[in-house]
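Student: Starting off with a structure, shown below.
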Amino acid sequence: MSDSTTTTTKTQPLIFQPKPERAAPPSTVGVIGWMRQNLFSNVSNTLLTIVGAYIVYVFLAWVLNWAVFNAVWQAENRRECLDLVGRSGACWPGVIQWFDNLIYGLYPKDQIWRINLGFLALILWVAPLWFPKVQSKVAIGITAVMLYPFLASYFFLGGDKGVLWMALISAGLTGLIWVWLTVFTELFHGKSFTRMMGEILGASGKSEEEQLKFGRLSLIGVFAIAVVLVSQWELSFVSTRQWGGLFLTLVISGIGITFSLPSGILLALGRRSTMPLIRLMCTGFIELFRSVPLITILFMFNTMLPLFLPVGVEVNQLVRAIVAVCLFAAAYMAEVIRGGLQAIPKGQYEAAAAMGLGYWQATTLIIMPQALKIMIPTIVGNFIGLFKDTTLVSIIGLFDLLNMARSVGEDTRWLGLFIEPFFFITLIYFFFCFLMSQYSINLERKLEAGARR
Amino acid sequence: MAITESTAMRGSKPSSSILNNETFRAIVFQFVTVVCIFGLGWYFVTNTIDNMAQRGMSAGFGFLNVSAGFGISFTLIPYREGDSYFRVFQVGIANTLLVAVISIIGATVIGLIVGLMRMSKNWLVRTIARWYIEILRNTPLLLQIIAWYFGVFNLLPRPRDSLDWGGLFFLNNRGFYMPGPVPGDGFTVTLIALVIAIAAAVGLRYWARKRQEATGKYFPAVSAGLAVIVALPLAVFLLSGAPLAWDVPALQGFNYRGGLSVPPALCALVLALAIYTSCFIAEIVRSGVQSVSHGQTEAARALGVKPSWTMRLIILPQALRVIIPPLISQYLNVTKNSSLAIAIGFPDLVSVWMNTSLNQSGRAIPIVAMTMAFYCIVSLFVSLIMNPYNRRILLKER
Numbered sequence: 000m001s002d003s004t005t006t007t008t009k010t011q012p013l014i015f016q017p018k019p020e021r022a023a024p025p026s027t028v029g030v031i032g033w034m035r036q037n038l039f040s041n042v043s044n045t046l047l048t049i050v051g052a053y054i055v056y057v058f059l060a061w062v063l064n065w066a067v068f069n070a071v072w073q074a075e076n077r078r079e080c081l082d083l084v085g086r087s088g089a090c091w092p093g094v095i096q097w098f099d100n101l102i103y104g105l106y107p108k109d110q111i112w113r114i115n116l117g118f119l120a121l122i123l124w125v126a127p128l129w130f131p132k133v134q135s136k137v138a139i140g141i142t143a144v145m146l147y148p149f150l151a152s153y154f155f156l157g158g159d160k161g162v163l164w165m166a167l168i169s170a171g172l173t174g175l176i177w178v179w180l181t182v183f184t185e186l187f188h189g190k191s192f193t194r195m196m197g198e199i200l201g202a203s204g205k206s207e208e209e210q211l212k213f214g215r216l217s218l219i220g221v222f223a224i225a226v227v228l229v230s231q232w233e234l235s236f237v238s239t240r241q242w243g244g245l246f247l248t249l250v251i252s253g254i255g256i257t258f259s260l261p262s263g264i265l266l267a268l269g270r271r272s273t274m275p276l277i278r279l280m281c282t283g284f285i286e287l288f289r290s291v292p293l294i295t296i297l298f299m300f301n302t303m304l305p306l307f308l309p310v311g312v313e314v315n316q317l318v319r320a321i322v323a324v325c326l327f328a329a330a331y332m333a334e335v336i337r338g339g340l341q342a343i344p345k346g347q348y349e350a351a352a353a354m355g356l357g358y359w360q361a362t363t364l365i366i367m368p369q370a371l372k373i374m375i376p377t378i379v380g381n382f383i384g385l386f387k388d389t390t391l392v393s394i395i396g397l398f399d400l401l402n403m404a405r406s407v408g409e410d411t412r413w414l415g416l417f418i419e420p421f422f423f424i425t426l427i428y429f430f431f432c433f434l435m436s437q438y439s440i441n442l443e444r445k446l447e448a449g450a451r452r
Numbered sequence: 000m001a002i003t004e005s006t007a008m009r010g011s012k013p014s015s016s017i018l019n020n021e022t023f024r025a026i027v028f029q030f031v032t033v034v035c036i037f038g039l040g041w042y043f044v045t046n047t048i049d050n051m052a053q054r055g056m057s058a059g060f061g062f063l064n065v066s067a068g069f070g071i072s073f074t075l076i077p078y079r080e081g082d083s084y085f086r087v088f089q090v091g092i093a094n095t096l097l098v099a100v101i102s103i104i105g106a107t108v109i110g111l112i113v114g115l116m117r118m119s120k121n122w123l124v125r126t127i128a129r130w131y132i133e134i135l136r137n138t139p140l141l142l143q144i145i146a147w148y149f150g151v152f153n154l155l156p157r158p159r160d161s162l163d164w165g166g167l168f169f170l171n172n173r174g175f176y177m178p179g180p181v182p183g184d185g186f187t188v189t190l191i192a193l194v195i196a197i198a199a200a201v202g203l204r205y206w207a208r209k210r211q212e213a214t215g216k217y218f219p220a221v222s223a224g225l226a227v228i229v230a231l232p233l234a235v236f237l238l239s240g241a242p243l244a245w246d247v248p249a250l251q252g253f254n255y256r257g258g259l260s261v262p263p264a265l266c267a268l269v270l271a272l273a274i275y276t277s278c279f280i281a282e283i284v285r286s287g288v289q290s291v292s293h294g295q296t297e298a299a300r301a302l303g304v305k306p307s308w309t310m311r312l313i314i315l316p317q318a319l320r321v322i323i324p325p326l327i328s329q330y331l332n333v334t335k336n337s338s339l340a341i342a343i344g345f346p347d348l349v350s351v352w353m354n355t356s357l358n359q360s361g362r363a364i365p366i367v368a369m370t371m372a373f374y375c376i377v378s379l380f381v382s383l384i385m386n387p388y389n390r391r392i393l394l395k396e397r
């Protein structure tokens with residue numbers, strides 16, 4: 000490099016020599032430059048900044064003073080709080096005393112570990128989905144949706160186990176054990192558990208198919224172990240009337256979310272079907288449930304579901320609410336999925352047909368993955384909406400998080416204490432919703448990586 | 000091997016099973032589905048008939064003429080306790096629509112402001128708008144309504160110590176009080192003048208556009224039209240001797256009398272609905288304006304379009320195409336969400352009809368059907384208007 004420059008300077012003495020760059024003016028770089036550009040670029044902007052800063056200051060000072068600096072943390076009842084600080088500070092002891100009720104409802108205090116264990120099982124079940132080395136993520140996801148509910152409902156409900164019920168619970172436990180066995184074998188040997196067992200059990204030299212058969216047989220062994228474990232278990236029965244608080248909110252929204260996605264997909268496919276009767280029925284269902292408010296559907300199921308069923312059959316109120324929420328969520332999800340399906344260019348369908356794929360193959364392998372991918376933000380937005388909408392079950396008398404917070408102010412010791420519990424549950428709702436929306440933004444960015452050049 | 004397979008296939012072609020026929024399968028599949036649905040429906044209907052017979056309920060609409068016999072705390076249209084159930088239904092609809100209209104106006108104004116703030120060049124303004132949206136959008140509407148009601152409007156001072164703005168507007172725990180207009184004789188003339196002025200303004204705009212298309216000459220039709228709408232009725236009003244009195248609320252005994260009063264439940268409901276919906280509208284406005292590519296602005300500059308006209312003539316018409324459909328669906332959402340009034344005891348359709356009337360008369364089926372029919376008609380009506388509009392504004396490409 001230096002050689003060539005010296006030779007050129009010899010033959011061509013007049014060559015452009017750029018002067019070293021001068022540093023940018025200090026007023027355009029660093030913190031000051033950023034502030035000048037974004038906060039004080041001209042007179043009106045500066046004015047806006049000052050007004051905005053004042054508003055933020057007043058708001059934050061008011062909230063912090065009320066919630067932290069002037070707040071009362073120890074008192075026996077609301078009167079004490081009012082005597083100490085009046086309305087200028089929050090009265091947290093009421094919320095602290097009601098904390099267990101806000102989270103677990105009226106669940107028996109000595110049984111609360113069951114709820115914690117149930118949610119821990121869910122976390123254990125789905126956590127492997129975020130491990131990069133695990134391969135059978137689809138299978139893990141499907142087992143979580145299909146088998147986890149049995150396990151969880153026994154944790155939460157308890158009571159007598161019939162033969163069928165016991166088999167289902169054992170299947171749930173089998174699923175959980177299988178997930179973690181698979182995770183371990185895949186992390187350390189790169190093979191799924193069934194394949195691994197097939198290689199160990201099946202005599203070597205046999206074909207892979209036959210080895211897999213042996214591997215699947217080993218699942219029966221796991222199931223047998225699960226049955227033995229489950230039969231040792233004895234959990235006392237807890238009526239759904241004692242369910243409440245954040246726990247109930249999570250149960251209702253969890254069931255609604257898991258039900259809405261598959262049924263929404265089916266409804267959306269039905270609405271785009273070429274069979275006129277199917278299309279008519281799906282469109283009718285979707286439009287009916289989307290044009291009326293959720294509260295009317297909840298009321299309808301609350302008053303009409305007992306009428307629809309044979310004389311003498313009592314339906315649990317929680318079940319009525321869950322049915323209403325599920326159908327409502329399915330109708331909304333169907334429209335979202337349909338939007339995604341409409342965005343898929345026709346060439347994709349034609350290409351799939353040209354490859355010889357049938358309707359279901361084309362839908363599950365080509366169309367649906369793309370449609371779901373485009374619609375992730377809207378789908379998650381729908382989940383958030385559903386989570387927020389579960390508050391409506393409080394109107395028909397279920398004690399979800401909102402209704403629990405409301406009953407703090409109706410307790411004789413904390414009479415009129417509304418703002419503090421509302422503030423607390425607002426934080427809880429915000430935490431869950433914000434987490435979901437941020438995760439969806441993240442996921443969108445990750446899936447978009449392929450499209451970026 | 001290959002030969003035998005192909006001959007086998009050729010041989011089996013004519014005798015292909017009817018089960019593989021697409022049309023046949025479609026018909027069978029639909030038939031089975033319809034039979035299942037109708038079977039389920041039949042099961043429900045027979046059960047319902049049995050249940051109703053056992054509980055002594057009847058399903059007819061005959062109860063609509065029966066006197067309801069309960070009072071309603073707030074009614075937009077006249078209602079007395081002895082009025083029929085059908086009148087209760089009308090009162091409910093009127094109240095629902097009132098809440099919806101006020102909330103929609105409020106939500107649009109706030110949403111527009113927040114949406115513009117969200118796009119501000121000023122970082123602080125942008126951030127404030129962003130967190131306003133994030134916080135309010137991520138908490139349930141019902142929680143917000145209840146919080147406004149129990150946390151704000153219930154804690155206001157008694158009427159005796161109510162908040163007072165210039166002796167005209169009063170706010171206390173019984174509600175919001177403001178002066179009510181009392182039109183005198185001859186006020187109708189002013190109203191007629193207003194109608195004429197609006198018609199004149201529309202005509203002016205039509206003429207101005209025609210002339211501009213024909214000759215290219217510009218006439219400021221919008222500002223001139225606004226001037227006509229304000230000036231003409233005002234002139235008529237003053238010439239006819241200002242026949243309008245104001246009924247100012249005044250404290251009498253334990254409460255304010257006179258003027259217009261808004262109950263706290265309505266205040267809380269409208270405020271919560273407007274603020275909650277404004278977040279969604281703000282995001283819609285932002286996405287609409289940002290959907291117009293920057294090249295459009297640059298092209299307008301290059302053509303010498305005035306900066307003040309660029310927004311109105313180039314950006315806004317294109318942004319509205321993206322903004323209007325989701326905006327209308329938000330308006331529909333407001334109408335549906337107004338049903339949450341039941342949580343704070345405001346007598347809207349769901350509260351007064353699907354709750355009070357249903358519990359009192361026990362006619363579950365007609366009442367549920369009528370309520371759902373109302374909401375279905377509203378949304379059908381909106382989609383009847385929106386579908387042609389959506390088709391019209393569809394980008395015509397290629």
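Protein sequences appear in the order of chains A and B. At position 330 of the first sequence the residue is numbered 329 (numbering that gives the first Met the number 0), and the sequence of numbers has no breaks. At position 112 of the second sequence the residue is numbered 111 (numbering that gives the first Met the number 0), and the sequence of numbers has no breaks. Glycine included, every Cβ here is placed at the ideal spot set by N, Cα and C. Predicted, not measured: the structure shown is a model, and the values here were computed from it.
Should A:G51 be flagged as near chain B, meaning a C-beta pair shorter than 8 Å?
Tutor: For A:G51, the answer is yes, since a Cβ of chain B falls inside 8 Å of its Cβ.
Student: Please determine, among B:P248, B:F152, B:C375, B:Y388, the residue with the shortest C-alpha to C-alpha distance to B:L268.
Tutor: For B:L268, the nearest C-alpha among the options comes from B:F152.
Student: What is the DSSP secondary structure of A:G174, counted as helix, strand or coil?
Tutor: In the structure shown, A:G174 sits in a helix (DSSP, three-state: H, G or I).
Student: For the putative contact between A:F327 and A:L293, defined by C-beta atoms under 8 Å, what is the C-beta separation to the nearest angstrom?
Tutor: Yes, they are in contact, since the Cβ atoms of A:F327 and A:L293 sit about 5 Å apart, within 8 Å.
Student: Shorter than 8 Å from the beta carbon of A:I251 to some beta carbon of chain B?
Tutor: Judged by the 8 Å Cβ criterion, A:I251 is not in contact with chain B.
Student: Nearest-angstrom Cα distance between A:Y106 and A:V314?
Tutor: Distance between the alpha carbons of A:Y106 and A:V314 is about 21 Å.
Student: Starting from the beta carbon of A:Y428, find every residue of chain B whose beta carbon is closer than 9 Å, and list them in chain order.
Tutor: By Cβ distance, chain B contributes N137, T138, P139, L142.
Student: Along chain B, which residues have their Cβ under 7 Å away from the Cβ of A:L47?
Tutor: Per Cβ cutoff of 7 Å: N121, V124.
Student: Alpha carbons only, please: which of B:V65, B:Y84, B:F62 is nearest the one belonging to B:I71?
Tutor: Among B:V65, B:Y84, B:F62, the Cα nearest to that of B:I71 is on B:Y84.
Student: Chain A partners of B:Y374, CB-CB under 8 Å?
Tutor: Those within 8 Å of B:Y374 in chain A are S290, V291, P292, T295.
Student: Would you list, in chain order, the members of the stretch 308 to 330 of chain A that have their beta-carbon closer than 8 Å to a beta-carbon of chain B?
Tutor: Cβ contacts with chain B come from L308, P309, V310.
Student: Counting only the same chain and skipping the five closest in sequence on each side, list residues whose C-beta sits under 6 Å from that of A:T7.
Tutor: Residue confidence is low: A:T7 scores 49 on pLDDT, short of 50, so the model does not pin down where it sits. No coordinate-derived value is stated.
Student: Grouping DSSP H, G and I as helix and E and B as strand, with all else coil, what is A:S1?
Tutor: Any reading at A:S1 must be qualified, since the residue scores a pLDDT of 46, below 50, and its modelled position is unreliable; the value itself is stated next. A:S1: helix per DSSP, three-state reduction.
Student: Give, in chain order, every residue of the stretch 291 to 311 of chain B whose Cβ lies closer than 8 Å to some Cβ of chain A.
Tutor: So the list is empty, because no residue satisfies the distance condition.
Student: Here's the rule: buried if 16 or more other CB atoms are within 10 angstroms of the residue's CB, otherwise exposed. What is B:E297?
Tutor: With fewer than 16 Cβ atoms within 10 Å of its Cβ, B:E297 is classed as exposed.
Student: According to a CB-to-CB cut-off of less than 9 Å, which residues of the stretch 405 to 424 of chain A neighbour chain B?
Tutor: Listed in sequence order: R405, G408, G415, F417, I418, F421, F422, I424.
Student: Of all the residues that make up the stretch 28 to 40 of chain B, which are near chain A by a beta-carbon distance shorter than 9 Å?
Tutor: Cβ contacts with chain A come from F28, Q29, F30, T32, V33, I36.
Student: So what does DSSP say about A:W164, is it helix, strand or coil?
Tutor: Three-state result, A:W164: helix.
Student: With DSSP collapsed to three states, give me the class of A:D399.
Tutor: If DSSP states are grouped into helix, strand and coil, A:D399 belongs with the strands.
Student: Name the two residues that bound the continuous beta strand (DSSP E) containing A:P376.
Tutor: Looking at the DSSP string, A:P376 is not in any beta strand (DSSP E); the run it does join, the alpha helix (DSSP H), is 375 to 388.
Student: So what's A:W242 in DSSP terms, helix, strand or just coil?
Tutor: Coil at A:W242, not helix or strand.
Student: Closer than 8 Å by beta-carbon distance: list the chain A residues that pair up with B:A25, in chain order.
Tutor: Chain A residues near B:A25: T273, M274.
Student: Around the C-beta of A:T74, are 16 or more other C-beta atoms found within 10 angstroms, so that it is buried, or is it exposed?
Tutor: Correcting the residue type first, residue 74 of chain A is Ala in the shown sequence and not Thr. A:A74 should be labelled buried.
Student: Would you please verify whether the beta carbon of A:K18 is less than 8 Å from any beta carbon of chain B?
Tutor: Cβ-Cβ to chain B under 8 Å: no for A:K18.
Student: For B:P180, write down the residues that DSSP places opposite it in a beta bridge.
Tutor: Paired residues: B:W245.
Student: Starting from the Cα of A:W413, find the closest Cα among A:W65, A:A60, A:C90 and give me that residue.
Tutor: The residue with the shortest Cα to Cα distance from A:W413 is A:C90.
Student: Using a Cβ cut-off of 9 Å, pull out every chain A residue sitting near B:G61, in sequence order please.
Tutor: The premise fails here: B:G61 is roughly 19 Å from chain A at the closest Cβ pair, so nothing lies under 9 Å.
Student: Look at A:V178 and A:F130 and say whether their C-beta atoms are less than 8 Å apart.
Tutor: It is not a contact, given that the beta carbons lie outside the stated cut-off.
Student: Check this for me: beta carbons of A:V229 and A:S169, under 8 Å apart or not?
Tutor: Their beta carbons are under 8 Å apart, which means A:V229 touches A:S169 by this criterion.
Student: Less than 8 Å between the beta carbons of B:M116 and A:T295, yes or no?
Tutor: No, they are not a contact pair.
Student: Please report the distance separating the alpha-carbon of B:S16 from that of A:W359.
Tutor: When rounded, the distance between both Cα atoms is 20 Å.
Student: With the cut-off set at 8 Å, would you say A:Y103 and A:I114 are in Cβ contact?
Tutor: In this structure, A:I114 lies closer than 8 Å to A:Y103 by Cβ.
Student: Specify the secondary structure class of B:V31 as computed by DSSP and reduced to three states.
Tutor: B:V31: helix per DSSP, three-state reduction.
Student: What number of angstroms, rounded off, separates the C-alpha of A:P17 from the C-alpha of A:G32?
Tutor: When rounded, the distance between both Cα atoms is 27 Å.
Student: Could you check what DSSP says for A:D99 in three-state terms: helix, strand or coil?
Tutor: Three-state result, A:D99: helix.
Student: Counting only beta-carbon separations shorter than 8 Å, does B:F43 have a partner in chain A?
Tutor: Yes, its Cβ sits closer than 8 Å to a Cβ of chain A.
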